[in-house]
Amino acid sequence: MALGRDWAESWLRATAATVAEHRSELVRLDREIGDGDHGENLDRGFTAVIAKLDSVAADATPADLLKLAATTLISTVGGAAGPLYGTAYLRGSTAIAGESTLDGAAVVAFLTAARDGIVARGKAEPGDKTMIDAWTPAVDAAVAANGEGRSEVEILAAAADAAEAGALATEPLVAHKGRASYLGERAIGHRDPGAESSALILRAAAETAAESSSGT
Amino acid sequence: MKKLINDPRDVVSDAVAGVALAHRDLLTVHTDPIYIVRADAPVQGQVALVSGGGSGHEPLHGGFVGYGMLSAAVPGPVFTSPTPDPIVDATKAVDGGAGVLHIVKNYTGDVLNFETAAELAAAEGIEVRAVVVDDDVAVKDSLYTAGRRGVAGTVLVEKIAGAAAQRGDSLDQVVELAERVNANVRSMGVALTAPTVPHAGEPSFDIGDDEIEIGIGIHGEPGRERIGLEPADKIVDRILGPILDDLPFVSGDKVLLFVNGMGGTPLIELYIAFRHAAESLKEKGIEVTRTLVGNYVTSLEMQGFSISVLKLDDELTELWDAPVQTAALRWGR
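Protein sequences, first through last, are from chains B and F.
What the first sequence shows, in the UniProt record's numbering, is residues 1 to 216, in sequence order.
What the second sequence shows, in the UniProt record's numbering, is residues 1 to 333, in sequence order.
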């Protein structure tokens, strides 16, 4: 089954759950090379998103839900993560506007627009030790999987795998953007918290896609 | 952790409620979302100044709201930038038809949230310009960092730009003066201890009893190096040198010397630092014509201090001396 409104809602709920579950881990990662508020801020933001989901119309599109997440995150997260994730969901939802279900090409369009939104807002490049280091390999993997004609569930799984590998690969890097850039070489050996939360979000997308596919 | 707080989640709202009660002659506090505006806002025909950022740096920024300085301050959660919504609301609340200047410290979160807010306010027909303050010489300004941080020099930008707005300057003129201050001020700080964010409950970084961090930011972000504790004069030398070399400041310059406390260092120690900094400048032929000493840009209870040096010209001096009436700076009126 293609991914529709119900999947978008499940994804957002699963994201809130995984962010809450990994909150202290994100705080710890951010405390090491940032200011220690990433887990707290994201938890506050996705909790606010969940609170608004019940009021969404039954005939809403995935884009409607993801745009609601965007505006809520911009209004509640603060820090750098609020505008960055907010822009990601906003640009992503615009790329799939009006579609009631998402096929592989739509999933790729969403992920690509989301990544491009983060780049436009944060001006980071791959290798700068930011969330882009999770998103760029995720988009590349999604494009490749779609090119091989794989299903949307497989595309999201490939994206999540690549994002996790990308987050892990930030550990040896020196940061060139964000607060960790002030550390210079002292950032080496620490995983970027934004790349880690990006990997959590994409893993939630892949898992809920697999569940909604197998459930019908 | 020992703190004079109630519920850690209520720290900012409890504090701004206190600010509202203590300074009702100067300002008005809005809640949900939280922002602070001058009691007489909006002042028609006058450029409005809006600043903001994470809480925990008091009196920055709410303590500088009032006559001759900020029109509004937007406090975010502790050490976290405010979101765009309250920045937009504050911008609309103080717009007197002559445009609004956003004064933003160069931290990624502050810059991104103020940029988003400026776009939203512009969409509602308000002319918004932004000046990003980046006075911290501890951070290399290159393509490979987020750029220099905005630290204590922000107070000097807010005071001088605020005086320009108060005398009736246009938005272009106020922007030029704010940029001129930023271009001529250099700062650097030192931490002796770490601050503790209330909801985090533990210090923001680990530092030994006998260690200090040179080049600290105002959230306790690390600076250039970690060294053993030294006498005050030697510590002053370590940060004054990079400050003076950077602009550079040279013999014959007239400057404002600002020794800022980070919250946990007593005034008696700040004056010890001021003495050596002032004497060092005199030896180099740099004339200190204006001064400021005290806790103005803090980092919660962190022990530490920063030095800022601003090269003055006649106009900047006149605007510095102009009347100001805020909770934390008040003279001439």
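A virtual CB, placed ideally from N, CA and C, is assigned to each residue, including glycine.
Three-state class that DSSP yields for residue i in the structure shown
{"i": "residue 337 of chain F", "result": "With chain F covering 1 to 333 only, the question about residue 337 of chain F has no answer from this structure."}
{"i": "residue 130 of chain B", "result": "coil"}
{"i": "residue 12 of chain B", "result": "helix"}
{"i": "residue 305 of chain F", "result": "strand"}
{"i": "residue 173 of chain F", "result": "helix"}
{"i": "residue 155 of chain B", "result": "helix"}
{"i": "residue 166 of chain F", "result": "helix"}
{"i": "residue 216 of chain B", "result": "Here the model assigns residue 216 of chain B a pLDDT of 49, short of 50, so the residue's position is not dependable, and the following value carries that caveat. Three-state DSSP puts residue 216 of chain B in coil, outside helix and strand."}
{"i": "residue 143 of chain B", "result": "helix"}
{"i": "residue 38 of chain B", "result": "helix"}
{"i": "residue 19 of chain B", "result": "helix"}
{"i": "residue 105 of chain F", "result": "strand"}
{"i": "residue 192 of chain F", "result": "coil"}
{"i": "residue 16 of chain F", "result": "helix"}
{"i": "residue 67 of chain F", "result": "strand"}
{"i": "residue 212 of chain F", "result": "strand"}
{"i": "residue 58 of chain F", "result": "coil"}
{"i": "residue 170 of chain B", "result": "coil"}
{"i": "residue 21 of chain F", "result": "helix"}
{"i": "residue 81 of chain B", "result": "helix"}
{"i": "residue 73 of chain B", "result": "helix"}
{"i": "residue 72 of chain F", "result": "strand"}
{"i": "residue 349 of chain F", "result": "For residue 349 of chain F there is no data in the structure shown, the boundaries of chain F being 1 and 333."}
Same chain only: Cβ atoms within 6 Å of residue i, ignoring 5 sequence neighbours per side
{"i": "residue 287 of chain F", "result": "254"}
{"i": "residue 67 of chain F", "result": "325"}
{"i": "residue 19 of chain B", "result": "42, 43 and 46"}
{"i": "residue 23 of chain B", "result": "39 and 43"}
{"i": "residue 115 of chain B", "result": "135 and 139"}
{"i": "residue 225 of chain F", "result": "214"}
{"i": "residue 164 of chain B", "result": "199"}
Cβ neighbours of residue i in the same chain (closer than 8 Å, five flanking residues each side left out)
{"i": "residue 105 of chain B", "result": "146"}
{"i": "residue 217 of chain B", "result": "Residue 217 of chain B is absent from the structure shown; chain B starts at 1 and stops at 216."}
{"i": "residue 147 of chain F", "result": "106, 134, 139 and 141"}
{"i": "residue 2 of chain B", "result": "101, 102, 103 and 152"}
{"i": "residue 289 of chain F", "result": "254, 255, 256, 312 and 317"}
{"i": "residue 10 of chain B", "result": "208, 211 and 212"}
Residues sharing a beta bridge with residue i, DSSP
{"i": "residue 85 of chain F", "result": "Beta-bridge pairing links residue 85 of chain F to no other residue."}
{"i": "residue 311 of chain F", "result": "F:255"}
{"i": "residue 264 of chain F", "result": "None; residue 264 of chain F has no bridge partner."}
{"i": "residue 136 of chain F", "result": "F:187"}
{"i": "residue 28 of chain F", "result": "F:37"}
{"i": "residue 49 of chain F", "result": "F:101"}
{"i": "residue 324 of chain F", "result": "F:331"}
{"i": "residue 129 of chain F", "result": "F:101"}
{"i": "residue 294 of chain F", "result": "F:260"}
{"i": "residue 203 of chain F", "result": "F:196"}
{"i": "residue 288 of chain F", "result": "F:255"}
{"i": "residue 3 of chain B", "result": "B:102"}
Residues of its chain near residue i, where Cβ-Cβ distance is below 7 Å and the 5 sequence neighbours each way are ignored
{"i": "residue 14 of chain F", "result": "6"}
{"i": "residue 96 of chain B", "result": "62, 63, 102, 106, 109 and 110"}
{"i": "residue 39 of chain F", "result": "25, 26, 27 and 28"}
{"i": "residue 91 of chain B", "result": "113, 114, 116 and 117"}
{"i": "residue 188 of chain F", "result": "136, 137, 138, 215, 239, 242, 243, 306 and 307"}
7 Å Cβ cutoff, residue i in contact with chain D
{"i": "residue 258 of chain F", "result": "Among the protein chains of the structure shown, namely B and F, there is no chain D."}
task = Scan the stretch 101-120 of chain F for residues whose Cβ lies nearer than 8 Å to a Cβ of chain B and list them as they occur along the chain.
result = 107, 108, 109, 112, 113, 115 and 116
Residues, ordered as in the chain, of the stretch 33-45 of chain B that lie near chain F by beta-carbon distance below 7 Å = 35, 36, 37, 40 and 41
message = Short of 9 Å Cβ to Cβ, which residues in the stretch 195-218 of chain F face chain B?
response = 197, 199, 200, 202, 204, 205, 215 and 217
task = Using a Cβ-Cβ cut-off of less than 9 Å, give me the residues of the stretch 75-99 of chain B that come near chain F, in sequence order.
result = 75, 76, 77, 78, 79, 80, 81, 82, 83, 84, 86 and 87
Stretch pair the stretch 33-42 of chain B + the stretch 178-196 of chain B: three plus CB contacts closer than 8 Å = yes
key: the stretch 153-167 of chain F in contact with the stretch 87-96 of chain F per 3-pair CB rule at 8 Å   = no
ask   = Between the stretch 181-202 of chain B and chain F, which residues of the former have CB atoms less than 9 Å from a CB of the latter, in chain order?
value = 181, 182, 183, 184 and 186
query = According to a CB-to-CB cut-off of less than 9 Å, which residues of the stretch 67-85 of chain F neighbour chain B?
reply = 76, 77, 78, 79, 80, 81, 82, 83, 84 and 85
ask   = Closer than 7 Å, Cβ to any Cβ of chain F: which residues of the stretch 169-181 of chain B, in chain order?
value = 176, 177, 178, 179 and 181
query = Can you find at least 3 beta carbon pairs, one from the stretch 126-139 of chain F and one from the stretch 167-184 of chain F, that sit closer than 8 Å?
reply = yes
message = Taking beta-carbon pairs under 8 Å, can you tell me which members of the stretch 146-158 of chain F lie near chain B?
response = 146 and 149
ask   = Is there contact here, the stretch 215-224 of chain F with the stretch 315-325 of chain F, by at least three beta-carbon pairs under 8 Å?
value = no
request  = Mind checking the stretch 256-280 of chain F against chain B and listing, in chain order, the residues whose C-beta falls within less than 9 Å of any C-beta there?
outcome  = none
query = So does the stretch 201-213 of chain B actually touch the stretch 56-66 of chain F, counting three or more Cβ pairs closer than 8 Å?
reply = no
ask   = If we count Cβ pairs, one from each stretch, closer than 8 Å, do we get three or more for the stretch 278-295 of chain F versus the stretch 105-115 of chain F?
value = no
ask   = Is the stretch 303-316 of chain F touching the stretch 249-267 of chain F, taking contact as three or more C-beta pairs under 8 Å?
value = yes
message = Count Cβ pairs between the stretch 293-308 of chain F and the stretch 258-278 of chain F that sit closer than 8 Å; are there 3 or more?
response = yes
message = Taking 8 Å as the cut-off, does the stretch 117-129 of chain B touch the stretch 151-165 of chain B (at least 3 CB pairs, one atom from each stretch)?
response = no
query = Is the stretch 163-172 of chain F touching the stretch 38-58 of chain F in the sense that three or more CB pairs, one from each, lie closer than 8 Å?
reply = yes
key: Touching by the beta-carbon criterion (3+ pairs, under 8 Å), the stretch 72-87 of chain F and the stretch 111-119 of chain F   = yes
Interface positions of the stretch 131-142 of chain F facing chain B (Cβ-Cβ less than 7 Å), listed along the chain = 139
key: Contact set between the stretch 219-253 of chain F and chain B, restricted to residues whose Cβ is under 8 Å from the partner   = 219, 220, 221, 222 and 223
query = Of the residues that make up the stretch 103-130 of chain B, which ones have a beta carbon closer than 8 Å to any beta carbon in chain F?
reply = 121 and 122
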